[in-house]
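Trainee: Numbering (this note's numbering), first residue to last: 11 to 165.
#1: Going by Cα to Cα distance, which pick from 146, 165, 41 is closest to residue 22?
#2: I need the straight-line Cα distance from residue 118 to residue 164, nearest angstrom please.
#3: Assess contact between the segment 104-122 and the segment 39-56, defined as three or more Cβ pairs (one per stretch) separated by less than 8 Å. Is contact present?
#4: Could you give the C-beta distance for residue 132 and residue 16, rounded to a whole number, given that I count them as a contact under 8 Å?
#5: Please work out which residues of its chain come closer than 8 Å, Cβ to Cβ, to residue 55, disregarding the five sequence neighbours upstream and downstream, and give them in chain order.
#6: Within 10 Å of its beta-carbon, does residue 33 have 16 or more other beta-carbons around it, so buried, or fewer, so exposed?
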């Protein structure tokens, strides 16, 4: 069974997906980590993540899976490379392949239930109000040593 959890940033997709996968004994596939990994790998090659042509030209690139993908720089790079159609197409096939190989899995991320796995057995769109989403992101950043005020995160 394939379960797809979609929704905006900070809605709790990853938290719910991890907990559900653990409770069900399913494989959890963090699709956001794939985008972060591409961003970190591209930066390691010295390519500007805003340079769409250069990023697309370096594909396929090994996807970084180290703790470096959990930094603020990786988050920024992820958002930039995710805008590149070639990156989205490249990771689309990887994500679909991962889901096909697993008997039971949960994937979370943007467009999971609509673009990546439109035929998922269960599709969930998870959301939260902006204040709750900002609070979650603010707490996450504080844990990483980022000291932006809550108001800045909310904005």
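Quick reminder that beta carbons are idealized off the backbone N, C-alpha and C, glycines included.
Treat the numbers as computed from the prediction; the structure is a model and nothing was measured.
Mentor: Taking the definition as stated:
#1: Your numbering for residue 22 matches position 12 in the chain shown. The option with the nearest alpha carbon to residue 22 is 146.
#2: Position 108 of the chain shown, counted from the start, is the residue given in the question as residue 118. Position 154 of the chain shown, counted from the start, is the residue given in the question as residue 164. Cα to Cα, residue 118 sits roughly 23 Å from residue 164.
#3: yes
#4: Residue numbering aside, residue 132 sits at position 122 when the chain shown is read from its first letter. Residue numbering aside, residue 16 sits at position 6 when the chain shown is read from its first letter. Contact doesn't hold; Cβ gap of about 11 Å is too wide.
#5: The residue labelled residue 55 in the question sits at position 45 within the chain shown. Taken in chain order, the residues that qualify are 68, 71.
#6: Walking along the chain shown from the start, residue 33 turns up at place 23. Exposed, by the Cβ-count rule.
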